[in-house]
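The UniProt record's numbering numbers the first residue of the sequence shown as 1 and each following residue consecutively.
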Amino acid sequence: MVVDVGEGKGKDMAVKLEENGIVCNANTIPHDKAGPFKPSGIRIGTPAMTTKGWKEKEFEELGNRIAKIIFS
1 MVVDVGEGKG
11 KDMAVKLEEN
21 GIVCNANTIP
31 HDKAGPFKPS
41 GIRIGTPAMT
51 TKGWKEKEFE
61 ELGNRIAKII
71 FS
């Protein structure tokens, strides 16, 4: 799953999320104006979560937690 976190903010948000226990990586998004060295997105791998039995409820909770961290 790739999330647009604002132009050029991918690396900063990936670090901020990892500091809060959420592992992801900075990633470019389609038509990223900031370019590959200052990506505007984060990528979160979901296959491991679904393998562990995550359903909509768990993903919704994760999304809310990510939003809270990004917007704080």
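Where a beta carbon is used, it is the ideal one built from N, C-alpha and C, also for glycine.
If you're wondering where the values come from, they're calculated on a predicted model, not measured in any experiment.
What's the call for residue i, buried or exposed, on a 16-neighbour Cβ count within 10 Å?
i, result
"PRO30", "exposed"
"ASN20", "exposed"
"SER40", "buried"
"VAL27", "Reading off the sequence shown, one finds Asn at residue 27, where the question assumed Val. So ASN27 counts as buried."
"MET1", "exposed"
"GLY10", "buried"
"VAL23", "exposed"
Specify, as a first and last residue, the run of the beta strand (DSSP E) that residue i falls within.
i, result
"VAL2", "2 to 4"
Among the residues of its own chain, which have a CB less than 8 Å from the CB of residue i, if the five just before and after it don't count?
i, result
"PHE59", "THR46 and MET49"
In chain order, what residues of the same chain lie with their CB nearer than 7 Å to the CB of residue i, ignoring the 5 residues before and after it?
i, result
"MET13", "VAL5, ILE42 and ILE70"
Discussion item. Just to confirm the assignment: which complete alpha helix (DSSP H) runs, minimum length 4, are found wholly within the UniProt domain "Serine hydroxymethyltransferase-like" (9 to 64)?
Written reply: 10 to 19 and 47 to 51
*asked:* Using 8 Å as the cut-off, can you tell me whether the segment 2 to 21 makes contact with the segment 47 to 59, which would need three or more C-beta pairs spanning the two stretches below that distance?
replied: no
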